[in-house]
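The structure appears below as structure tokens.
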Ligand code: 2AM
Ligand code: CA
């Protein structure tokens, strides 16, 4: 796909941040003895990656606004466009030396995501999409899976950890979903969960309690791969509520019905 100038800027920024993160990821292994030391190191790696992305994007498009996990929000001179960035999605994986984390960069125009990049730098998998132009993984076009029997489908989700309060809801979700499917996976990066739905690796994905930067790029990639995405509350907003249900079309109604039957 011959991407727009904006998409090329986003891909360039993701690659630059990816190089920095891959270098730091190799170092993490040496720090495992001290989790605290590793935690501080990873948060520095995260902030350094965000700085690289911000510099690349702001140099190319100085008028656009900004929303990112580490750096907060800033309105641009052009109030209709903003970057939504997660420099390191899957931080816990990164910290544990698990090669499953990604950089997520989205471009929003008048409240709608028009371009998205999710880059798995450890595996050099660049997932990207532009509105109306399809979804891609490196040079290949992506398509969601065509599975229509729930019992053959694999679903991804996130599970609460630490002090997160939605444990009962999550356990009820699992009780409803596990028996009628081929299984549930919990890999720890919302951005990659969505990219994997787009690639047909997962048949669907649901999660609550996320932030706009976890979801913005991935939701467009799913849509452009022919999948459906909705917030948990059908009248709500994915990015404002931080909830999502994503799946291929043949199973969406059934799957979303089960998930929403909370
Ligand atoms: P992160 O790695 O950038 O923190 C895992 O289920 C997903 O939840 C990841 O995308 C992770 O993003 C996100 N996540 C981690 N901690 C979170 C929190 N306290 N609130 C909301 N989302 C979180
Ligand atoms: Ca994140």
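Numbering (our numbering), first residue to last: 2 to 263.
Backbone N, C-alpha and C fix where the C-beta goes; we use that ideal spot for every residue, glycine too.
The structure displayed is predicted, hence computed values, not measured ones.
Next item on the list: Starting from residue 251, trace the alpha helix (DSSP H) both ways and give me its first and last residue.
Entry: For the purposes of this step, residue 251 is identified with residue 250 of the chain shown, where counting begins at 1. 250 to 261 is the extent of the alpha helix (DSSP H) around residue 251.
Check: Do the region 248 to 255 and the region 141 to 157 meet, that is, are 3 or more Cβ pairs less than 8 Å apart?
Finding: In short, these stretches touch, since the Cβ pair count reaches three.
Notebook entry, point to check: Where the beta carbon is closer than 5 Å to any heavy atom of ligand 2, which residues qualify, in chain order?
Noted result: With the criterion CB distance below 5 Å from any heavy atom of ligand 2, the matching residues run 87, 90, 215 along the chain.
Notebook entry, point to check: Considering only residues of the same chain and omitting the five flanking positions on each side of residue 187, which have a CB-CB separation below 8 Å?
Noted result: Taking the first residue of the chain shown as position 1, residue 187 is located at position 186. Close CB contacts of residue 187 within its chain, under the 8 Å cut and outside five residues either way in sequence, are with 157, 158, 159, 160 (chain order).
Notebook entry, point to check: Exposed or buried, which one is residue 124 when buried takes at least 16 other CB atoms within 10 Å?
Noted result: Translated into the one-based positions of the chain shown, residue 124 becomes position 123. Burial call: exposed.
Checklist line | Separation of residue 43 from residue 2, as counted between CA atoms | finding: As a working mapping, residue 2 is identified with position 1 in the chain shown. As a working mapping, residue 43 is identified with position 42 in the chain shown. Rounded to whole angstroms, residue 2 to residue 43 spans 34 Å at the Cα level.
Next item on the list: Flag this pair as yes or no: are the beta carbons of residue 221 and residue 248 separated by less than 9 Å?
Entry: By one-based count along the chain shown, residue 221 stands at place 220. By one-based count along the chain shown, residue 248 stands at place 247. Against a cut-off of 9 Å, the Cβ pair of residue 248 and residue 221 comes out as no contact.
Check: What's the gap between the Cα of residue 72 and the Cα of residue 199?
Finding: Numbered from its first residue, the chain shown carries residue 72 at position 71. Numbered from its first residue, the chain shown carries residue 199 at position 198. Answer to the nearest angstrom: the Cα atoms are 28 Å apart.
Notebook entry, point to check: What residues in its chain sit with their C-beta under 7 Å from that of residue 94, if we drop five residues either side in the sequence?
Noted result: What you label residue 94 is simply residue 93 of the chain shown in a count that begins at 1. In the same chain as residue 94, and ignoring 5 residues on each side of it, the C-beta atoms closer than 7 Å to its own belong to 101, 102, 189, 190, in chain order.
Checklist line | Three-state secondary structure (DSSP) of residue 173 | finding: The sequence position of residue 173 within the chain shown is 172, counting from 1. If DSSP states are grouped into helix, strand and coil, residue 173 belongs with the helices.
Notebook entry, point to check: Nearest to residue 261 by CA position, among 177, 122, 144, is which residue?
Noted result: The residue labelled residue 261 in the question sits at position 260 within the chain shown. With respect to the C-alpha of residue 261, the residue from 177, 122, 144 having the closest C-alpha is 177.
Note to self: So for residue 209, helix, strand or coil by DSSP?
What the structure shows: The count along the chain shown starts at 1 and reaches residue 209 at position 208. Look at residue 209 here: in three-state DSSP terms it is coil, with no helix or strand label.
Check: Does the beta-carbon of residue 111 have 16 or more other beta-carbons within 10 angstroms, so that it is buried, or is it exposed?
Finding: Residue mapping note: residue 111 aligns to position 110 of the chain shown, counting from 1. Exposed is the call here.
Next item on the list: Can you tell me which of the three DSSP states residue 158 falls into?
Entry: Within the chain shown, the letter at position 157 stands for residue 158. The three-state reading of DSSP puts residue 158 in strand, counting E and B together.
Next item on the list: Tell me, to the nearest whole angstrom, how far the beta carbon of residue 1 is from that of residue 225; I am working on the premise that it is less than 8 Å.
Entry: Residue 1 cannot be examined here, being either before or after the span of the chain that is shown, 2 to 263.
Check: Roughly how many angstroms separate the alpha carbons of residue 197 and residue 56, rounded to a whole number?
Finding: Residue numbering aside, residue 197 sits at position 196 when the chain shown is read from its first letter. Residue numbering aside, residue 56 sits at position 55 when the chain shown is read from its first letter. The C-alpha of residue 56 is placed about 28 Å away from the C-alpha of residue 197.
Check: Is residue 165 near ligand 1, with its Cβ less than 8 Å from a heavy atom?
Finding: Counting from 1 along the chain shown, the entry for residue 165 is found at position 164. Indeed, a heavy atom of ligand 1 lies less than 8 Å from the Cβ.
Next item on the list: Indicate whether residue 193 and residue 219 have their beta-carbon atoms separated by less than 9 Å.
Entry: On the chain shown, position 192 is the one that residue 193 refers to. On the chain shown, position 218 is the one that residue 219 refers to. Yes, Cβ-Cβ distance for residue 193 and residue 219 is below 9 Å.
Notebook entry, point to check: Going by the C-beta, is residue 70 closer than 8 Å to any heavy atom of ligand 1?
Noted result: Translated into the one-based positions of the chain shown, residue 70 becomes position 69. Under cutoff, so the answer is yes.
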